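Start counting at 1 in the sequence shown, then tack on 61, and there's your number in the numbering used here. Positions of the beta carbon are idealized from the N, C-alpha and C atoms, including for glycine. Since the structure is predicted, the reported quantities are computational estimates derived from the model, not experimental observations.
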Amino acid sequence: MQDAKALVLFSGGQDSTVCLAWALSRYAHVETIGFDYGQNHRVELECRGTVLANLRTQFPQWAAKLGDDHLLNIDVLGQISDTALTSDAALAYQADGLPNTFVPARNLVFLTLASAVAYRRQCTVLVGGMCETDFSGYPDCRDNTMKAMQVALSLGLGRQLVVETPLMWIDKAATWQLAQDLGGDALTALVQEDTHTCYKGDRSERHDWGYGCGECPACALRAQGFARWKQAV
62 MQDAKALVLF SGGQDSTVCL AWALSRYAHV ETIGFDYGQN HRVELECRGT VLANLRTQFP
122 QWAAKLGDDH LLNIDVLGQI SDTALTSDAA LAYQADGLPN TFVPARNLVF LTLASAVAYR
182 RQCTVLVGGM CETDFSGYPD CRDNTMKAMQ VALSLGLGRQ LVVETPLMWI DKAATWQLAQ
242 DLGGDALTAL VQEDTHTCYK GDRSERHDWG YGCGECPACA LRAQGFARWK QAV
């Protein structure tokens, strides 16, 4: 697998940035793909470019491996979704217990489109930041979903495609530690300063764990994980 080419689903957030570093430490060539689906936190799309540029300049051991970035406009996903991520709805929980930040089939669409790009770019590995340890309960983040998608995509493309989810069984504290293990203080500082995970798209306040409103589920998970990580180190 060291000679494989990987395509990383890269949003500009903490988890996908750590996954990108993970892929760069393992594969010979790594490309990135992002999606503009009408999300309210569009600032993450701007952060993508900053993170990629800083990875190239601050980590010369990875720069030569980091290939093209692809950004797809799929605003149709926002058109068919009535969620707090794609409308002005207040953050709340639905009758099924899921937060209304859940965009139905989002990761299924992401993986399907990414697989088409991977096919064209001769990438045999897709890398995503899906996790079912510290997460909001989204069914399309679960391991069984990823395994089923790997089988379906491989069958549909007529070639083996591996879906890697390095964060699947670790919590947010361990994600911070993984960043430290992969890139030391420079990478954790990059995650704090340059990534964006807040659902509200708020970058007006800098916390010790990074920028965000500090109140939405994404910020809460990130802050709690950072606190647990700092207590452990």
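Would you identify the three-state DSSP class for Ala-89, choosing helix, strand or coil?
Locating residue 89 in the sequence shown gives position 28, where the first residue counts as 1. Ala-89: coil per DSSP, three-state reduction.
Between which two residues does the alpha helix (DSSP H) harbouring Asp-255 extend?
By 1-based counting over the sequence shown, the position of residue 255 is 194. Note, Asp-255: alpha helix (DSSP H), 233-255.
Is there contact here, the stretch 81-89 with the stretch 262-272, by at least three beta-carbon pairs under 8 Å?
No, the stretch 81-89 is not in contact with the stretch 262-272.
Residue range of the alpha helix (DSSP H) that Asp-204 falls in?
Counted from its first residue, the sequence shown places residue 204 at position 143. Note, Asp-204: alpha helix (DSSP H), 204-218.
Quick check: the stretch 208-220 against the stretch 234-242, are at least 3 beta-carbon pairs closer than 8 Å?
Judged by Cβ distances under 8 Å, the stretch 234-242 makes no contact with the stretch 208-220, as fewer than three pairs qualify.
Using the beta-carbon count (16 or more within 10 Å), is Lys-291 buried or exposed?
For the purposes of this step, residue 291 is taken as residue 230 along the sequence shown, with counting starting at 1. Classification for Lys-291: exposed.
So, are the CB atoms of Pro-283 and Gln-75 less than 8 Å apart?
Looking up residue 283 in the sequence shown gives position 222. Looking up residue 75 in the sequence shown gives position 14. The question names Pro, yet the displayed sequence has Arg at residue 283. Yes, they are a contact pair.
Classify Lys-261 as buried or exposed, calling it buried when 16 or more other Cβ atoms lie within 10 Å of its own Cβ.
For the purposes of this step, residue 261 is taken as residue 200 along the sequence shown, with counting starting at 1. Lys-261 is buried by the Cβ-count criterion.
So, under 8 Å CB-CB, Asp-255 and Asn-115 are touching, yes? Tell me the CB distance rounded to an integer number of Å.
Counted from its first residue, the sequence shown places residue 255 at position 194. Counted from its first residue, the sequence shown places residue 115 at position 54. Going by Cβ atoms, the distance from Asp-255 to Asn-115 rounds to 6 Å, so yes, they are a contact pair.
Based on DSSP bridge pairs, tell me the residues matched to Asn-134.
In the sequence shown, residue 134 corresponds to position 73, counting from 1. Beta-bridge pairing links Asn-134 to Asp-97.
Hey, Gln-119 and Leu-251 are a contact pair by Cβ (cut 8 Å); roughly how many whole angstroms apart?
In the sequence shown, counting from the first residue as 1, residue 119 sits at position 58. In the sequence shown, counting from the first residue as 1, residue 251 sits at position 190. Correct: roughly 7 Å between the Cβ atoms.
When the distance is taken between beta carbons, is Ala-179 closer than 8 Å to Leu-169?
On the sequence shown, residue 169 is found 108 positions in, with the first residue counted as 1. On the sequence shown, residue 179 is found 118 positions in, with the first residue counted as 1. No, they are not a contact pair.
Let me check understanding here. Comparing Cα to Cα, which of Leu-106, Gln-241, Ala-65, Gln-285 lies closest to Gly-73?
On the sequence shown, position 12 is the one that residue 73 refers to. Comparing Cα-Cα distances from Gly-73 to each of Leu-106, Gln-241, Ala-65, Gln-285, the minimum goes to Leu-106.
For the alpha helix (DSSP H) that Val-170 lies in, which residues bound it at each end?
Stepping through the sequence shown from its first residue, residue 170 is reached at position 109. 167-182 is the span of the alpha helix (DSSP H), which, as asked, contains Val-170.
Can you list, in chain order, the residues of its chain whose CB lies under 6 Å from that of Ser-77, leaving out five sequence neighbours each side?
Position 16 of the sequence shown, counting from 1, holds the residue named residue 77. So the qualifying residues of the chain are Phe-71, Gly-190.
Rounding to the nearest angstrom, what Cα-Cα distance links Ala-293 and Leu-239 in this structure?
Walking along the sequence shown from the start, residue 293 turns up at place 232. Walking along the sequence shown from the start, residue 239 turns up at place 178. Spanning the two alpha carbons is a distance of roughly 13 Å.
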